[in-house]
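*Asks:*
Numbering (UniProt numbering), first residue to last: 1 to 276.
Listed below in structure tokens is the structure:
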């Protein structure tokens, strides 16, 4: 891998990770353009770690608030910490559901999910989901204090769909959050904070795939550069998305998903099974 290619992979991962357009699909397309087939999931997980560090950095005050509220309520039972305690519980519940079902689905379907047809279909479904939530569903007004365990179960199930390449994790959590009646700001915040334990968990599970072969295949300098670029562009992506959602529509992401789905379906060999 050249240094320029490492930078491009970092940019693609960083920009697309938190937009509702599936970073997996974009990494696949980038691989196909450059003719790469990465062994296992190690490189993708490695770049995801840079993305989650960007989330932690941007939402550091929220992370501290939820963590402190959770711990203080457990230790001192202070009423003012109750909302943050339960918000932390809702993050944990959704994470456990996603982690458990995600592993089961991945083991069951295996590489059968990693075909252009499946990715194109998943992107198309993501697009329709975004159109539905934007055009046919009234936005709610519920905030963290109004959430229930049932809400976290539903969002966890929605997030699990991201095990299918082409289904956006951020898109799935955002759509299900809006479906259960959360206001847009709360749904976005919940989606981003959910990314932290989910991505960290997948990183722990994927550590075994990291080997000397991966490092030699990609290159030590390229790994460092791609990590740094992913972090920077993930941060920019987070800032841009939050600003975009305040004044624009999800339907633009839906149109983009349809375009990418068509490109994947018509331009990539349908018999290809991808390492994603």
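In this text, a Cβ means the ideal position worked out from N, Cα and C, and glycines have one as well.
Note that the structure is predicted; figures quoted are calculated from it, not measured.
1) Can you look up residue 182 in the DSSP assignment and give me helix, strand or coil?
2) Restricting to Cα atoms, I'd like to know which of 137, 163, 217 and 189 is closest to residue 180.
3) Pick out whichever of 267, 225, 251 and 257 has its Cα sitting closest to the Cα of residue 11.
4) Going by other Cβ atoms of all chains shown within 10 Å of its Cβ, with 16 needed for buried, is residue 189 buried or exposed?
5) List the endpoints of the continuous alpha helix (DSSP H) containing residue 350.
6) What residues are listed by DSSP as bridge partners for residue 77?
7) Work out the CA separation of residue 80 and residue 222 for me, nearest whole Å.
8) Nearest to residue 89 by CA position, among 70, 243, 101 and 105, is which residue?
9) Ends of the alpha helix (DSSP H) at residue 23?
10) Just verifying my parser: in three-state terms, what is the DSSP assignment at residue 275?
11) Rounded to the nearest angstrom, what separates residue 64 and residue 240 at their Cα positions?
12) List the endpoints of the continuous alpha helix (DSSP H) containing residue 5.
13) Residue 142 bridges to which residues according to DSSP?
14) For my contact list, residue 94 and residue 155 are in at a C-beta cut-off of 8 Å; report their separation, rounded to the angstrom.
15) Check whether the stretch 256-265 touches the stretch 122-135, taking contact to mean three or more Cβ pairs, one atom from each stretch, closer than 8 Å.
16) If you run the structure through DSSP and keep just helix, strand and coil, what is residue 19?
17) Please state if the CB of residue 20 and the CB of residue 91 are separated by a distance shorter than 8 Å.
18) Within its chain, find whatever has a CB closer than 6 Å to the CB of residue 332; leave out the 5 residues flanking it on each side and keep chain order.
19) Given a cut-off of 8 Å on the beta-carbon distance, is the pair residue 22 and residue 168 in contact?
20) In chain order, what residues of the same chain lie with their CB nearer than 8 Å to the CB of residue 251, ignoring the 5 residues before and after it?
21) If you draw a straight line from the alpha carbon of residue 66 to that of residue 59, how long is it in whole angstroms?
*Replies:* According to the structure shown:
1) strand
2) 137
3) 225
4) buried
5) Because residue 350 is not part of the residues shown, which for the chain are 1 to 276, the question remains open.
6) Paired residues: none, contrary to the question.
7) 47 Å
8) Out of 70, 243, 101 and 105, 70 has the C-alpha closest to the C-alpha of residue 89.
9) 23-34
10) Low per-residue confidence applies at residue 275: pLDDT is 49, beneath 50, and the placement is therefore not dependable, though the value from the model is reported in the following sentence. Coil.
11) Those two C-alpha atoms are separated by around 23 Å.
12) Under the DSSP assignment, residue 5 falls in the alpha helix (DSSP H) whose first and last residues are 3-16.
13) 182
14) 5 Å
15) With a cut-off of 8 Å, the stretch 122-135 and the stretch 256-265 count as touching, because enough Cβ pairs lie within range.
16) coil
17) no
18) Absent from the model: residue 332. The displayed extent of the chain is 1 to 276, so no value can be given.
19) Yes, the Cβ-Cβ distance between residue 22 and residue 168 is below 8 Å.
20) 130, 131, 134 and 135
21) About 11 Å.
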